[in-house]
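Engineer: Attaching a single structure in structure tokens format; questions to follow.
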Amino acid sequence: MHASQTLLPAPSEWTQLNTYPQSFAECVIDAIWSERVRYTTVIEIIDRYRDFRRGQGANADQDGASELAQTFSIGLDAWIDQIGNHQRVYAKSDAPYKAGVVHQAAEAAIASGLESVSDLVNGYAKSTQEYRNLHQRWLNLPGQHSGLSWARLALVAGVETVPVDPWLAEFASSATGAEVPAQTALGLINAAATSMDVAPLRLRNAIWEYQTHLDAAERATSPAESR
């Protein structure tokens with residue numbers, strides 16, 4: 358895709374893609390927190406989560422949904438103070454905290470029977486009932502109905518093929534001047550990755566960052582959104 362080379366920085370300038378192949382907990386934190394923030398903020402929260410779990414004698418890089426949910430036994434306020442921050446899922450003073458939505462996402466995963474990265478990868482590949490259940494529950498979480506964080510969850514889990522990614526479709530549609538379905542967009546972007554000699558996951562992450570900055574710029578010049 359020509360736009361991948363004209364709109365994006367050179368691959369040497371792309372931010373490193375962090376994936377969490379054994380930690381569903383870290384995938385969830387990254388997915389919920391990544392929207393409309395500098396990625397350095399996400400890294401700081403992941404690092405604090407790892408420090409917190411290390412202090413409990415555990416390895417955050419191996420945590421599933423149950424382990425993530427259990428960390429909230431200290432209470433939401435304490436979790437925010439020790440691990441997260443006071444960012445909310447959308448720009449209203451009464452919007453839920455991202456930390457609270459992380460907790461809800463962990464509980465949704467437990468209720469769906471999908472608690473690990475391997476469960477998630479298998480669910481995407483085979484469209485398991487657990488995957489479908491979590492997908493629906495995830496989209497019903499506060500501020501997550503767009504599907505952006507769900508697509509991010511797949512990206513940082515290392516899922517190569519993504520059924521729905523709104524920002525990939527938006528990027529491809531802008532590049533071609535016509536509406537492009539998400540699955541078609543994925544094919545175009547995979548082809549672009551091949552022509553650029555980069556991993557498709559890295560290109561998807563670069564597009565994610567591009568669309569994040571574009572979204573932030575549009576919000577800065579538009580009236581506050583209502584939800």
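Using the numbering used here, read the sequence shown as starting at 358 and increasing by one per residue. Yeah, the Cβ is synthetic: ideal placement off N, Cα and C, and Gly gets one too. All values reported here derive from a predicted model rather than from experimental measurement.
Can you grab the Cα-Cα spacing for the pair tryptophan 507 / aspartate 387, in whole Å?
Structural biologist: Straight-line Cα distance between these residues: approximately 11 angstroms.
Engineer: Please identify the residue among Ser473, Leu496 and Ser530 whose C-alpha is closest to the C-alpha of valine 516.
Structural biologist: If we check each option's Cα against that of valine 516, Ser473 comes out closest.
Engineer: Using three-state DSSP, classify arginine 407 as helix, strand or coil.
Structural biologist: Residue state, collapsed to three classes: helix.
Engineer: Rounded to a whole number of angstroms, what is the C-alpha to C-alpha distance between glutamine 486 and alanine 462?
Structural biologist: Straight-line Cα distance between these residues: approximately 17 angstroms.
Engineer: Indicate whether glycine 504 and valine 458 have their beta-carbon atoms separated by less than 8 angstroms.
Structural biologist: No; because the gap between Cβ atoms is not below 8 angstroms, this pair is not in contact.
Engineer: Touch check for the segment 419–426 and the segment 435–443: three-plus C-beta pairs under 8 angstroms?
Structural biologist: Touching, no, given that fewer than three Cβ pairs across the two stretches are closer than 8 angstroms.
Engineer: Quick check: does the Cβ of proline 453 come within less than 7 angstroms of any heavy atom belonging to the ligand SAM?
Structural biologist: Inclusion of the ligand SAM in the displayed structure is not the case, the ligand content being empty and no account of it being possible.
Engineer: In angstroms with no decimal places, state the Cα-to-Cα distance between serine 530 and alanine 549.
Structural biologist: When rounded, the distance between both Cα atoms is 14 angstroms.
Engineer: Where leucine 558 and glycine 432 are concerned, what is the direct C-alpha to C-alpha distance, given to the nearest angstrom?
Structural biologist: Roughly 35 angstroms separates the two Cα atoms.
Engineer: Pick from Pro378, Thr372 and Ile402: whose alpha carbon is nearest that of serine 475?
Structural biologist: Comparing Cα-Cα distances from serine 475 to each of Pro378, Thr372 and Ile402, the minimum goes to Pro378.
Engineer: With the cut-off set at 8 angstroms, would you say leucine 327 and aspartate 522 are in Cβ contact?
Structural biologist: As shown, the chain starts at 358 and ends at 584. That puts residue 327 outside it, with no answer to give.
Engineer: On a Cα-Cα basis, can you pick out the residue from Thr376, Pro538, Tyr488 and Ile389 that is closest to tyrosine 447?
Structural biologist: Closest by alpha carbon: Ile389.
Engineer: What residue does the alpha helix (DSSP H) around histidine 492 start on, and which one ends it?
Structural biologist: Start and end: 486–496.
Engineer: Below 8 angstroms between beta carbons: does that hold for leucine 491 and alanine 532?
Structural biologist: No.
Engineer: Could you name the residues of the same chain whose beta carbon sits closer than 8 angstroms to that of alanine 514, not counting the 5 residues immediately before and after it, in chain order?
Structural biologist: Excluding positions up to five away in sequence, the list reads Thr376, Tyr377, Pro378, Phe381, Cys384, Val474, Leu477 and Val478.
Engineer: Per DSSP, what kind of secondary structure is tyrosine 377 in: helix, strand or coil?
Structural biologist: In the structure shown, tyrosine 377 sits in coil (DSSP, three-state: anything other than H, G, I, E or B).
Engineer: Quick check on the DSSP output: the alpha helix (DSSP H) that includes lysine 483 runs from which residue to which?
Structural biologist: Per DSSP, lysine 483 belongs to the alpha helix (DSSP H) from 474–483.
Engineer: Using the C-alpha atoms, what's the distance from arginine 509 back to asparagine 416?
Structural biologist: Each residue's alpha carbon lies about 23 angstroms from the other.
Engineer: For tyrosine 447, which three-state DSSP category applies?
Structural biologist: Correct three-state label for tyrosine 447: coil.
Engineer: Could you pull the start and end residues of the alpha helix (DSSP H) that leucine 433 belongs to?
Structural biologist: Residues 433–439.
Engineer: To which residues of the same chain is arginine 561 closer than 7 angstroms at the C-beta, ignoring the five residues directly before and after it?
Structural biologist: Cβ neighbours of arginine 561 beyond the five flanking positions: Leu512, Leu525 and Ile546.
Engineer: So which of Tyr567, Glu566 and Val555 has the shortest CA-CA distance to serine 369?
Structural biologist: The candidate whose alpha carbon is nearest that of serine 369 is Val555.
Engineer: Would arginine 407 be called buried (16 or more neighbouring beta carbons within 10 Å of its own) or exposed?
Structural biologist: Per the 10 Å Cβ criterion, buried.
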